[in-house]
Amino acid sequence: MAKYMIKASYSPEGIKGVMAKGGSARAEAIEKLASGVGGSVESVYFSFGSDDLFAIIDAPSHEAMAAIAGTVCQTGALSKYETVILLTPAQIDEAANMTIDYTPPGS
359 MAKYMIKASY
369 SPEGIKGVMA
379 KGGSARAEAI
389 EKLASGVGGS
399 VESVYFSFGS
409 DDLFAIIDAP
419 SHEAMAAIAG
429 TVCQTGALSK
439 YETVILLTPA
449 QIDEAANMTI
459 DYTPPGS
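Going by this note's numbering, 431 is the number at position 73 of the sequence shown; the sequence numbering is gapless.
Structure follows, in structure tokens:
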């Protein structure tokens, strides 16, 4: 499974829901969302500042994460949503060892 980080900010209506039901209820909802696409949740954190929520999710595919994004974003509960693909050090090692032929612009 691939690992992803969700960064999100709540809309005014969304934050009302968080305050009414609490953070644990939101974490449970995120766990249900991830399991619905065959994934799981490693962690959920709330913050204040430019983002309100961070979740680390293991999911079977980019398509599964796209389904999560589409499901969540159409509700209007969020004002900002971003999915970040996370790579392990070993995955970066593999990428660093790939040979790629590339010509920069203007060369």
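Positions of the beta carbon are idealized from the N, C-alpha and C atoms, including for glycine.
- No residue range can be given for Ser405, since it is assigned to no beta strand (DSSP E) and is classified by DSSP as neither H nor E.
- If you draw a straight line from the Cα of Asn455 to the Cα of Phe404, it is about 37 Å long.
- Using a Cβ distance threshold of 8 Å, Ile443 and Leu391 do not count as a contacting pair.
- At a Cβ-Cβ threshold of 8 Å, Ala413 and Val399 count as neighbours.
- Beta-bridge pairing by DSSP links Thr441 to Ile364.
- If you check the CB distance, Val402 and Ala385 come in under 8 Å.
- Taking the Cβ atoms as the reference, Met423 lies roughly 5 Å from Tyr362, within the contact range of under 8 Å.
- DSSP places Ser398 within a strand segment (E or B) once states are collapsed to three.
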